[in-house]
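Visitor:
Numbering (this note's numbering), first residue to last: 869 to 1119.
1. Alpha carbons only, please: which of 1112, 918, 987 is nearest the one belonging to residue 907?
2. What residues in its chain sit with their C-beta under 6 angstroms from that of residue 918, if we drop five residues either side in the sequence?
3. Could you tell me the distance, in whole angstroms, from the CA atom of residue 904 to the CA atom of residue 1004?
4. Distance, Cα to Cα, residue 987 vs residue 975?
5. Secondary structure at residue 1007, three-state DSSP: helix, strand or coil?
6. CB residue 1082 to CB residue 1010, shorter than 8 angstroms?
7. What does the Cβ neighbour count give for residue 842, buried or exposed, with the cut at 16 atoms within 10 Å?
8. Please report the distance separating the alpha-carbon of residue 1033 from that of residue 1013.
9. Which runs of the beta strand (DSSP E), 3 residues or longer, sit entirely within the segment 893-955?
10. Is residue 950 near the ligand PLP - that is, is its Cβ less than 7 angstroms away from at least one heavy atom of it?
11. Considering Cα atoms alone, identify which of 1050, 1073, 1080 is closest to residue 1066.
12. Would residue 1089 be called buried (16 or more neighbouring beta carbons within 10 Å of its own) or exposed?
13. Report back the beta-carbon spacing between residue 1035 and residue 1002 to the nearest angstrom; my notes put them in contact at under 8 angstroms.
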């Protein structure tokens, strides 16, 4: 091998080494309602930055319990703003890292075309057997669903028919498989680019439930991981915000 070829080889090896050192892996806890957009954002983030993302999806309340018990998450995308605020008070997130990445919307949805009317009157008049929703104790979208039912005066009527999912993903699964004729789910689960993707739905007016402000934060365990900060910054970019908006979230 010539001297110039050896020099080029050494330079390339050094470049690859520096890239491998610079690229980090970040462990991310993500609220279940944000599954589809986060999968898309994570793929874009990996392509654009070289960092790797390991995603875990679940209920916000359960993530809170895991984080306070030492789970190795470095970034947290919550389904509310209260849980990150609690973690901040408990010194479990990096200072000044909390921000709202999306405002969620609730929808009453059925996999059957024409089953749910556009005003949600089925809750007061329909003879359905099961209504799915996420556990209101651990999932903000479940709490919002209960709030809606009480405000429209339908809670007592439908309470015996409620089936609870562990999180919003399971609530959606119950409705998608027909185990529940309809369910309260996150709009992002059944909406893309300006329209409901399947079935029938009532997009619940936001006046019927408290705003679902979804906050993200760098957790204490990610304080010294450059990939954690890079991901938090990436969520604020126009590219990521366009993805978030396409799934029906407000910004």
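Where is the CB? At the ideal position from N, CA and C, for every residue including glycine.
Guide: In brief:
1. 1112
2. 891
3. 22 angstroms
4. Here the C-alpha atom of residue 987 lies approximately 11 angstroms from the C-alpha atom of residue 975.
5. coil
6. no
7. Lying outside 869 to 1119, the shown extent of the chain, residue 842 is not represented and no answer is given.
8. 12 angstroms
9. 893-899, 920-926, 943-945
10. In terms of ligand content, the structure shown is empty, and the ligand PLP therefore cannot be addressed.
11. Residue 1066 has its Cα closest to that of 1050, out of 1050, 1073, 1080.
12. buried
13. Rounded, the Cβ-Cβ distance is 5 angstroms, consistent with contact.
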